[in-house]
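Numbering (the working numbering), first residue to last: -4 to 208. Here's the structure we're looking at; comments come further down.
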């Protein structure tokens, strides 16, 4: 088996664009880390860590340690602002609401997470963060395979099921797409609203008209 790299510079991390100008910088997967989650996010200004807690459907229920590696950030944790220049560490419990903004060009924040008391699987969002760019690049089959890895840990995650439905539909997997989208509808009824105008699901549009009524 090919040996994974053990050394990786911040500048070498891939840059996967997300909403609001945030870049997702994967660390766990390229290094092959299995005991905990670790990734990074970068931005030049504005949002660098989206506002969230670790109790929602896209979360891993993780406690998280944030490390401002470069630049300058400001965190708001449960309504309290914390100035966080490079070198700052912030530890946050799963139920605490947190978010951060970048206040210097090239701000990068490392996020290390795991379930309290035990090492756990990566967060469910990691699977679709990796798969999404492949689907957008015209490789939905590869996207589907990568996102399917998450089912081992999160079979009941509605976000994962919804994204799998999109990748399956784009790849021409009608039955798989229907299975995943109906699971998403059952787990999170508001996902019907996501599906209503989602062109990724056009392959199964006629099949789910009744579900969307």
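We put the beta carbon where it would ideally sit given N, CA and C, even for glycine. Please read these numbers as outputs of a predicted model, since none were measured by experiment.
Query	Result
C-alpha distance - residue 25 paired with residue 205, whole-angstrom precision	42 Å
Beta carbon of residue 32 nearer than 8 Å to that of residue 119	no
Residue from 176, 189 and 78 whose Cα sits closest to the Cα of residue 164	176
Nonlocal neighbours in the same chain, by C-beta distance under 6 Å from residue 154, ignoring five residues either side	52 and 53
For residue 76, the residue or residues it bridges with in DSSP	71
Burial state of residue 86 (16 or more Cβ within 10 Å)	exposed
Where residue 178 falls: helix, strand or coil (DSSP)	helix
Classification of residue -4 by the beta-carbon crowding that lies within 10 angstroms, buried from 16 upward	Below a pLDDT of 50, predicted positions are generally treated as unreliable, and residue -4, at 43, falls in that range; the measurement from the model is reported next regardless. Exposed, by the Cβ-count rule.
Residue 172 to residue 146 span [Cα, whole Å]	14 Å
Residues that residue 42 bridges to, as DSSP identifies them	96
Exposure label - residue 49; buried when at least 16 CB within 10 Å	buried
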